[in-house]
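Just so we're aligned, residue 2 is where the first sequence starts under the numbering used here, counting upward by one.
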Amino acid sequence: MPELPEVETTLRGLQPHLINRTITSIQIKQPKLRWPVPAEILTLQQATINSLSRRAKYILMYTDQGNMIWHLGMSGSMRLLADQQPGSKHEHIKITLHDGFSLRYIDPRRFGALLYTDSDPLCHKLICDLGPEPLTEEFNTEYLQQKCATRSSPIKTLIMDSHTVVGIGNIYACESLFLSGINPRTKACKISFHRLEKLVNSIKSVLQQAIQLGGTTLQDFTQTDGQPGYFAQKLNVYGNKTACPNCGKPVSRIIQAQRSTFYCTSCQK
DNA sequence: AAAGACACCTGTCCGC
DNA sequence: TGCGGACAGGTGTCTT
Numbered sequence: 002m003p004e005l006p007e008v009e010t011t012l013r014g015l016q017p018h019l020i021n022r023t024i025t026s027i028q029i030k031q032p033k034l035r036w037p038v039p040a041e042i043l044t045l046q047q048a049t050i051n052s053l054s055r056r057a058k059y060i061l062m063y064t065d066q067g068n069m070i071w072h073l074g075m076s077g078s079m080r081l082l083a084d085q086q087p088g089s090k091h092e093h094i095k096i097t098l099h100d101g102f103s104l105r106y107i108d109p110r111r112f113g114a115l116l117y118t119d120s121d122p123l124c125h126k127l128i129c130d131l132g133p134e135p136l137t138e139e140f141n142t143e144y145l146q147q148k149c150a151t152r153s154s155p156i157k158t159l160i161m162d163s164h165t166v167v168g169i170g171n172i173y174a175c176e177s178l179f180l181s182g183i184n185p186r187t188k189a190c191k192i193s194f195h196r197l198e199k200l201v202n203s204i205k206s207v208l209q210q211a212i213q214l215g216g217t218t219l220q221d222f223t224q225t226d227g228q229p230g231y232f233a234q235k236l237n238v239y240g241n242k243t244a245c246p247n248c249g250k251p252v253s254r255i256i257q258a259q260r261s262t263f264y265c266t267s268c269q270k
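As structure tokens, this is what we get:
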């Protein structure tokens with residue numbers, strides 16, 4: 002499910018409700034997520050949440066006693082509800098706050114994770130070697146060209162690799178390649194500086210617009226108040242439901258790296 | 001080092 | 001109505 006815009010939307014929804022709140026209890030109803038939820042999480046009962054941030058698709062929660070690292074996997078979402086509200090079928094974790102609200106982690110496929118660290122989450126081994134954030138200056142055409150120069154893999158695979166740049170999943174990879182007119186199968190090292198510049202700009206604008214609209218809801222994703230994201234209406238090629246908005250020809254679907262790629266064979270060369 | 005395949009899990013949809 | 005198969009927003013790890 003969640004790519005960078007959905008994780009950012011989740012973060013922004015949580016922040017005002019979690020900062021400076023004290024945890025009164027933590028219920029782990031289903032510890033079998035992508036990795037087992039570590040027992041140390043339970044030591045955070047009575048902890049006060051100091052701050053929240055995002056790195057790649059991870060949500061980082063800093064408390065006065067230790068830190069949580071969350072990942073939403075393919076189908077995860079987080080909601081804030083009154084504590085007495087019953088949980089849904091796939092609610093795996095419930096964190097109750099002193100103010101009567103509780104944070105619920107819902108994840109039907111259980112590809113997500115909750116990890117614990119008492120040091121800086123940015124130094125965690127899953128996080129420390131990641132590529133730059135796409136919406137920062139650090140992600141620019143010179144950087145991408147240097148990454149592409151030695152790579153024969155398709156450009157779509159490369160921009161989805163978190164060691165190149167973080168946060169771009171299947172939807173936004175397809176959409177940004179469409180906006181920049183690049184065929185997803187093109188070998189990364191064969192793309193000119195000018196076209197990479199268009200790609201960098203497309204990535205930034207598509208992610209920014211998606212964040213503004215609260216992300217993309219296809220099935221599971223909801224914002225923390227239960228609302229869907231509205232970017233689905235802006236998708237040009239992903240999902241293949243309509244013709245190419247540019248030329249009217251049918252959108253093609255191919256498989257790359259075991260994932261569906263949607264693109265227009267006449268507009269993307 | 002880099003590219004590709006596979007694994008993890010549940011739900012939904014489509015064709016027969 | 002039921003059943004099998006394909007497919008779904010991610011990514012670490014293993015194999016080539």
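Think of the CB as a built atom: it goes at the ideal place given N, C-alpha and C, for glycine as much as any other residue.
Go through its chain and collect everything with a Cβ distance to residue i's Cβ below 8 Å, but skip five positions before and after it.
i: ILE169; result: GLU4, LEU5, PRO135, ILE160, MET161, SER177, ILE204, LEU208
i: SER153; result: LYS188, ALA189, CYS190
i: LEU12; result: LEU53, SER54, ARG55, ILE60
i: CYS149; result: ILE156, LEU159, ALA189, CYS190, ILE192, LEU197
i: ALA244; result: LYS250, PRO251, VAL252
i: PHE194; result: THR142, GLN146
i: ASN21; result: THR49, ILE50, ASN51
i: GLY101; result: ALA83, ASP84
i: GLY227; result: ARG80
i: CYS175; result: LYS157, PRO185, VAL238, TYR239, THR262, PHE263, TYR264
i: HIS125; result: ILE70, LEU116, THR118
i: GLN16; result: LEU53
i: LYS30; result: GLY88, GLU92, HIS93, ILE94, LYS95
i: PRO246; result: ASN237
Who pairs with residue i in a beta bridge, going by DSSP?
i: THR64; result: ILE50
i: HIS72; result: TYR59, ALA114
i: SER177; result: Answer by DSSP bridge pairing: none, since SER177 is not bridged.
i: PHE263; result: ARG254
i: THR97; result: SER26, SER103
i: ALA83; result: PHE102
i: ALA244; result: PRO251
i: SER78; result: ILE107
i: PRO155; result: LYS188
i: PRO3; result: The partner list for PRO3 (beta bridge, DSSP) is empty, contrary to what the question assumes.
i: TYR231; result: THR217
i: LYS148; result: LYS148 pairs with nothing; no bridge assigned.
i: PRO37; result: LYS33
Compute the distance between the beta-carbons of residue i and residue j, then report whether it is under 9 Å.
i: LEU98; j: MET69; result: no
i: GLY88; j: ARG105; result: yes
i: PRO122; j: LEU73; result: no
i: LYS157; j: PRO133; result: no
i: PHE140; j: TYR264; result: no
i: ARG196; j: GLY182; result: yes
i: ALA57; j: SER163; result: yes
i: GLN28; j: LYS95; result: yes
i: THR142; j: VAL201; result: yes
i: GLY67; j: GLU92; result: no
i: ILE50; j: ARG80; result: no
i: GLY240; j: GLU7; result: no
i: ALA83; j: THR64; result: no
i: HIS18; j: THR225; result: yes
i: PHE222; j: SER103; result: no
i: ALA211; j: LYS235; result: yes
i: GLN259; j: SER76; result: no
i: LEU127; j: VAL167; result: no
Cutting at 6 Å between CB atoms, please list the residues of its own chain near residue i, excluding the five before and the five after it.
i: SER267; result: CYS248, LYS250
i: THR23; result: THR49, HIS99
Please find out if some non-hydrogen atom of the ligand COA comes closer than 8 Å to the beta-carbon of residue i.
i: TYR117; result: In terms of ligand content, the structure shown is empty, and the ligand COA therefore cannot be addressed.
Which same chain residues end up closer than 7 Å to residue i when comparing Cβ atoms and leaving out the 5 residues on each side of it in sequence?
i: ILE255; result: THR262
i: LEU43; result: ILE27
i: THR137; result: none
i: PRO39; result: LEU116, TYR117
i: GLU9; result: ARG55, ILE212
i: SER120; result: none
Using 8 Å as the threshold, is the stretch 33-48 in touch with the stretch 110-127, meaning 3 or more CB pairs across them?
Judged by Cβ distances under 8 Å, the stretch 33-48 makes contact with the stretch 110-127, as three or more pairs qualify.
Go through the stretch 188-218 residue by residue and report every complete run of the alpha helix (DSSP H) that reaches 4 residues or more, in order.
For the stretch 188-218, the continuous alpha helix (DSSP H) assignments of 4+ residues that do not extend past its boundaries occur at 194-213, in sequence order.
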